[in-house]
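For the sequence shown, this note's numbering gives the first residue as -11, with consecutive numbering after it.
Worksheet: one structure, shown below.
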Amino acid sequence: MERKDYMVSVVIPAYNEEYRILNVLNVVKKSNFVDEIIVVNDGSNDRTSEIALKAGAKVINLDRNYGKGKAMKIGVENSRGNIILFLDADLQGLTCKHIEDLLLPVIEGKVDMTISYRDNSNEPFFKIDIFSGERAIKREIFENIKGLENSRFAVEALIDKYIVKNRLKFMNVRCKGLRFISKREKMKSRIKGAIAFYKMYLQIFLKVPNIFFIWLYMAKNQIKNENRD
């Protein structure tokens, strides 16, 4: 695909990430594949918005914390790209190579979506993280997915469900050196972190009860793709 045939918008949903988001933005700004950067400040009560704005990102401030799903949806609604790259704001070790590896398979039309597998994704069986926040996807696909505005932490599961249901092509991308900050690390409390972790997965299972079978389907197809390569 020629450069003029596509436009990449990076959408970063963020909630109280003043100490981490600048590291992500500084890398994204260096990528030759990125045309615009949109940070959706999801009701933060810290300096997330100010830092993102000073870094040169387009910032959308929400009046309260609506959750990741709605933040992502609003980010896309305010973007111009026909390819969307979602990134979490708390990443460590992000490089331009990671961005390129996630984008190229979609840009070249090989797949409809890519998903990152990070160093601490902790899926020991098939090495595919179906809940990863780092993913590139064609805009028209994302816009067709229903219920995202109320999905909160189940947003990635709903995207996966749509991809599987419609037999769309996806690819797992190993991103060595990339990691996210766990809830326990953010809260600096094992108990509070565990509560937040299980609350997140409860939301996912309530929104997408068949997520286990979606995971198995995606893992099986990933293995086929790796064997074919």
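For each residue, glycine too, the CB sits at the ideal point set by N, CA and C.
Quick caveat, the model's predicted, so the values are computed rather than measured.
Check your understanding: What is the rounded straight-line gap between the Cα of Lys115 and the Cα of Ile147?
Key -> For this step, residue 115 is matched to residue 127 along the sequence shown. For this step, residue 147 is matched to residue 159 along the sequence shown. If you take the alpha carbons of Lys115 and Ile147, they lie about 19 angstroms apart.
Practice item. State the start and end residues of the unbroken alpha helix (DSSP H) segment that holds Met60. Key: The residue you call residue 60 lines up with position 72 of the sequence shown. Met60 -> alpha helix (DSSP H) spans Lys56 to Glu65.
Check your understanding: Do Val(-1) and Ile72 have their C-beta atoms closer together than 7 angstroms?
Key -> Here residue -1 corresponds to residue number 11 of the sequence shown, with the count starting at 1. Here residue 72 corresponds to residue number 84 of the sequence shown, with the count starting at 1. The answer is yes: Cβ separation under 7 angstroms.
Exercise for review: State the Cα-Cα distance for the pair Glu24 and Arg123, rounded to the nearest angstrom.
Suggested key: By one-based count along the sequence shown, residue 24 stands at place 36. By one-based count along the sequence shown, residue 123 stands at place 135. Roughly 16 angstroms separates the two Cα atoms.
Check your understanding: Among the residues of its own chain, which have a CB less than 7 angstroms from the CB of Ile218, if the five just before and after it don't count?
Key -> One cannot answer for residue 218 here, as it falls past the ends of the chain, which runs -11 to 217.
Review point. Just reading off the alpha helix (DSSP H) that Asn160 is part of, what are its end residues?
Key: Position 172 of the sequence shown, counted from the first residue, corresponds to residue 160. Looking at the DSSP string, Asn160 is not in any alpha helix (DSSP H); the run it does join, the beta strand (DSSP E), is Phe158 to Arg162.
Exercise for review: Pick helix, strand or coil for Arg178, following the three-state DSSP scheme.
Suggested key: For the purposes of this step, residue 178 is taken as the residue at position 190 of the sequence shown. In this structure, Arg178 counts as helix in the three-state DSSP scheme.
Review point. Would you say Tyr(-6) reaches chain B, if we count a Cβ-Cβ gap shorter than 7 angstroms as a contact?
Key: The structure shown contains no chain B; it is built from a single protein chain.
Practice item. Identify, in the order they occur along the chain, each residue of the same chain with its Cβ nearer than 7 angstroms to the Cβ of Ile137, setting aside the five sequence neighbours on each side. Key: The residue you call residue 137 lines up with position 149 of the sequence shown. In the sequence as presented, Ile is not what sits at residue 137; that position holds Glu. Gly57, Lys58 and Lys61, listed in sequence order.
Review point. In terms of residues, what are the limits of the alpha helix (DSSP H) holding Ser37?
Key: By one-based count along the sequence shown, residue 37 stands at place 49. Thr36 to Lys42 is the extent of the alpha helix (DSSP H) around Ser37.
Practice item. Drop a sphere of 10 angstroms on the beta-carbon of Asn4, count the other beta-carbons inside from all chains shown, and report buried for 16 or more, exposed for fewer. Key: Here residue 4 refers to the residue found at position 16 when the sequence shown is read from its first residue. Burial call: buried.
Point to revise | Lys157 beta carbon less than 7 angstroms from that of Val94 | key: Position 106 of the sequence shown holds residue 94. Position 169 of the sequence shown holds residue 157. In this structure, Lys157 does not lie closer than 7 angstroms to Val94 by Cβ.
Review point. Over what stretch of residues does the beta strand (DSSP E) that includes Arg123 continue unbroken?
Key: For the purposes of this step, residue 123 is taken as residue 135 along the sequence shown, with counting starting at 1. It spans Arg123 to Lys126 - the beta strand (DSSP E) in which Arg123 sits, taken as one unbroken run.
Exercise for review: Work out the CA separation of Asn154 and Val(-4) for me, nearest whole Å.
Suggested key: Position 8 of the sequence shown, counted from the start, is the residue given in the question as residue -4. Position 166 of the sequence shown, counted from the start, is the residue given in the question as residue 154. Rounded to the nearest angstrom, the two C-alpha atoms are 23 angstroms apart.
Review point. With a CB to CB cut of under 7 angstroms and the five nearest residues on each side skipped, what residues in its chain are close to Val12?
Key: Here residue 12 is taken as the residue at index 24 of the sequence shown, counted from 1. Cβ-Cβ distances below 7 angstroms link Val12 to Ile0, Leu75, Ala77, Leu79 and Leu82 in the same chain, with the five nearest sequence neighbours on each side left out; the list follows chain order.
Check your understanding: Got a sec? Which residues, its chain only, sit under 8 angstroms from Asn209 by beta carbon, not counting five neighbours each side?
Key -> On the sequence shown, position 221 is the one that residue 209 refers to. Cβ neighbours of Asn209 within its own chain (closer than 8 angstroms, five residues either side excluded): Phe158.
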